[in-house]
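A.B. asks: The opening residue of the sequence shown carries number 874 in the numbering used here; numbering runs sequentially from there.
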Amino acid sequence: MSLTNVIEVLEAAYPPARAESWDAVGLVSGDPAQEVRRVLFAVDPVAAVADEALEWEADLIVTHHPLYLRGTTSVAATTPKGRLIHTLIKNDVALYTAHTNADVANPGVSDALARAVGLVDDLVPLQPFPDDPWRGLGRIGELPSEMTLGEFAAQAAKGLPRTPGGIRVAGDLTRPVTRVAVSGGAGDSLLGTAKAAGVDVFLTADLRHHPASEFVESGGPALIDAAHWATEWPWLESAASILRSSGVTVETRVSATVTDAWTRGY
Ligand SMILES: [Zn+2]
C-alpha cells in the first residue's frame, strides 16, 4: 500500500477540515508515494515511540498529538523535535497526526474512552457540532446499572492503561452514578457543558485545582481526573481497527509505551 492509500482511509474517518483552526494535523513527514506495510499508533510523537517504530520496522507512525503545533523555522537535530524528524526521515518512517479531527469524529477519541470505562449503548457528543448532532467534543453515555462513584472510579481505573498518577476523584464516593460524560485529554473547557448536561460524573484529564474545586462546590457532577495519555490511548486501537477493516493491507500495532509526562507518583 502506498502512504497515499493509508492517508485516504485516515482522512475519511478523521476529516482534516474538522480540526480546530489552531491545530496542525495531517502528514508531518514522509513521501506520499512510499510503501507502507506496518503502521504504529501512538499518542505522542516522542523519541521512545520512534525507537519502538524502528525496532518493529514500522513505515508509518500515526500519532494523536502534533509534533509541531506552533510551527518552527528549523528541523535541525539540535532539539528533541528536530532529532525526531532526522531519525524518522533517515529510516523512511513517515509521521501522520489526527488530533482534534479525531476528537470530534464518530467514532472518535471520546467514544473509545467511554467504552474503556464501561459506558454502554448509544453515546452522544457532550458538545455536538451545530451542523451535526453525532459529531463533536466529549461523549455522554450510561452505565449498564447504577453504581457508586467509588465503584465507577475503580472500574474506570481498571479500564484505562495504568499510569504512575492513577486517577483522582472529586465528590462523595457513595454518590450514585449512571449517566457519565467523558472527554479525552484536557477537558476543563467542557466543565460548564457537563454541568448543564446534568450528568452524574465527568471524567477527563488535566483538571486544575481552582476550576475543579469551584465546580464541585457549586453542586456540579462529580469529577474524575485521569492521566492525559491514558484517556487518549484507547482511541489508538479504534483508529487501527478502522485502518485494518478498510481493505488496505497493512499490519498495525498500538504502542504500549507510556508517554504520559508523569513518570512516578509517590
Ligand atoms: Zn491530548
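We put the CB at the ideal spot given by N, CA and C, even for glycine. Source: prediction; values computed, not measured.
1) DSSP three-state label for V935, please.
2) Ignoring anything shorter than 3 residues or poking outside the stretch 912-956, list the beta strand (DSSP E) runs there in chain order.
3) Tell me whether the beta-carbon of T952 lies closer than 8 Å to the beta-carbon of Q1000.
4) Spell out a yes or no on whether the stretch 1088-1098 and the stretch 1008-1019 are touching, meaning 3 or more CB-CB pairs, one atom from each, closer than 8 Å.
5) Relative to the alpha-carbon of V909, which residue among I880, W1108, S1118, G1038 has its alpha-carbon at the smallest distance?
6) With DSSP collapsed to three states, give me the class of V909.
7) Within the continuous beta strand (DSSP E) that includes E1015, where are the two ends?
8) Out of P1006, A886, G1038, T1051, which has the shortest C-alpha to C-alpha gap to E1024?
9) Counting only runs that start and end within the stretch 1015-1084, where is the alpha helix (DSSP H) found for 4 or more residues in a row?
10) Quick check: what's the CA-CA separation for R911 versus I934?
11) What alpha helix (DSSP H) runs, 4 residues minimum, are completely inside the stretch 1079-1126?
12) Between the alpha carbons of Y941 and R1048, how many angstroms are there, rounded?
13) Using the Cα positions of Q1028 and K963, report the straight-line distance between them to the nearest angstrom.
14) Sorted by chain position, which residues of the same chain lie with C-beta nearer than 6 Å to A975's C-beta, five sequence neighbours on each side aside?
C.D. replies: The relevant details are as follows:
1) Start at 1 with the first residue of the sequence shown, and residue 935 comes out as number 62. In the structure shown, V935 falls within a strand segment according to DSSP collapsed to helix, strand and coil.
2) Counting only unbroken stretches of 3 or more residues, the beta strand (DSSP E) elements lying wholly within the stretch 912-956 are 933-936, in sequence order.
3) Working through the sequence shown from its first residue, we reach residue 952 at position 79. Working through the sequence shown from its first residue, we reach residue 1000 at position 127. Going by C-beta atoms, T952 is not nearer than 8 Å to Q1000.
4) Short answer: they don't touch.
5) Sequence index remark: in the sequence shown, residue 909 carries index 36 (1-based). Comparing Cα positions, the closest option is I880.
6) By one-based count along the sequence shown, residue 909 stands at place 36. The answer is coil: DSSP assigns V909 none of H, G, I, E or B.
7) Within the sequence shown, the letter at position 142 stands for residue 1015. Taken as a continuous stretch (DSSP letters only), the beta strand (DSSP E) holding E1015 covers 1005-1021.
8) Position 151 of the sequence shown, counting from 1, holds the residue named residue 1024. Of the candidates P1006, A886, G1038, T1051, the one whose C-alpha sits nearest the C-alpha of E1024 is T1051.
9) Within the stretch 1015-1084, the complete alpha helix (DSSP H) segments of 4 residues or longer fall at 1022-1032, 1064-1070, listed in chain order.
10) For the purposes of this step, residue 911 is taken as the residue at position 38 of the sequence shown. For the purposes of this step, residue 934 is taken as the residue at position 61 of the sequence shown. Straight-line Cα distance between these residues: approximately 9 Å.
11) Unbroken alpha helix (DSSP H) stretches of 4 residues or longer found wholly inside the stretch 1079-1126: 1082-1090, 1101-1105, 1107-1117, given in chain order.
12) Within the sequence shown, residue 941 is the residue found at index 68, counting from 1. Within the sequence shown, residue 1048 is the residue found at index 175, counting from 1. C-alpha separation (whole angstroms): 42 Å.
13) Taking the first residue of the sequence shown as position 1, residue 1028 is located at position 155. Taking the first residue of the sequence shown as position 1, residue 963 is located at position 90. Cα to Cα, the separation comes out at about 43 Å.
14) Indexing the sequence shown from 1 puts residue 975 at position 102. If we look at A975 and ignore the five residues flanking it on each side, its Cβ neighbours are Y887, G981, V982.
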